[in-house]
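One structure is given here, and the rest of the page talks about it.
In the UniProt record's numbering, the protein residues as written are 1 to 148.
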């Protein structure tokens, strides 16, 4: 029998046992009323939030939408081979990375997209050198290679 929070009537113990109704939203996933974090992972409020403004989704997917629009116009102008060649170059440029504990600048990808000459929000306020997250290099490489 799983242990769930129940809405109960306050008339007495006998009526509480008889009139208890399980509430679906309050039932924990694990036993003893505690979420099993090892099996289900940590809960994140960020994943459960809905966009607060209609333009938020558009801004989040701006680069993907821009790439799709550029590839479709390139296909209309030069034919089917041009966007396929550009997508192959994008894929090859994405695979070029430094060691896992060093941040990659993806300069080749920025050059292909034409965004290497523009300065954006992420260039100034997203400096990985000032990041608070730094792991131990040997463990990060072993994890990347699948040795851990």
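Ideal Cβ placement from N, Cα and C applies to all residues, glycine included.
Buried versus exposed call for residue 83 [16 or more other C-beta atoms within 10 Å across all chains shown]: The count along the chain shown starts at 1 and reaches residue 83 at position 83. Under this definition residue 83 is a buried residue.
contact_flag[the region 90-102, the region 134-141] where n(CB pairs < 8 Å) is 3 or more: Short answer: they touch.
Buried/exposed call for residue 26, threshold 16 Cβ in 10 Å: Within the chain shown, the letter at position 26 stands for residue 26. With a pLDDT of 46 at residue 26, under the threshold of 50, the modelled position of that residue is not reliable, and the figure given next carries that caveat. Classified as exposed, residue 26 has fewer than 16 neighbouring CB atoms from the shown chains inside 10 Å of its CB.
Alpha-carbon to alpha-carbon, residue 148 and residue 111: For the purposes of this step, residue 111 is taken as the residue at position 111 of the chain shown. For the purposes of this step, residue 148 is taken as the residue at position 148 of the chain shown. Rounded to whole angstroms, residue 111 to residue 148 spans 35 Å at the Cα level.
Residue 92 beta carbon less than 7 Å from that of residue 109: Start at 1 with the first residue of the chain shown, and residue 109 comes out as number 109. Start at 1 with the first residue of the chain shown, and residue 92 comes out as number 92. Note that the C-beta distance between residue 109 and residue 92 is not below 7 Å.
Cβ of residue 45 within 7 Å of any chain D Cβ: Although the question refers to chain D, the structure presented lacks it and comprises just one protein chain.
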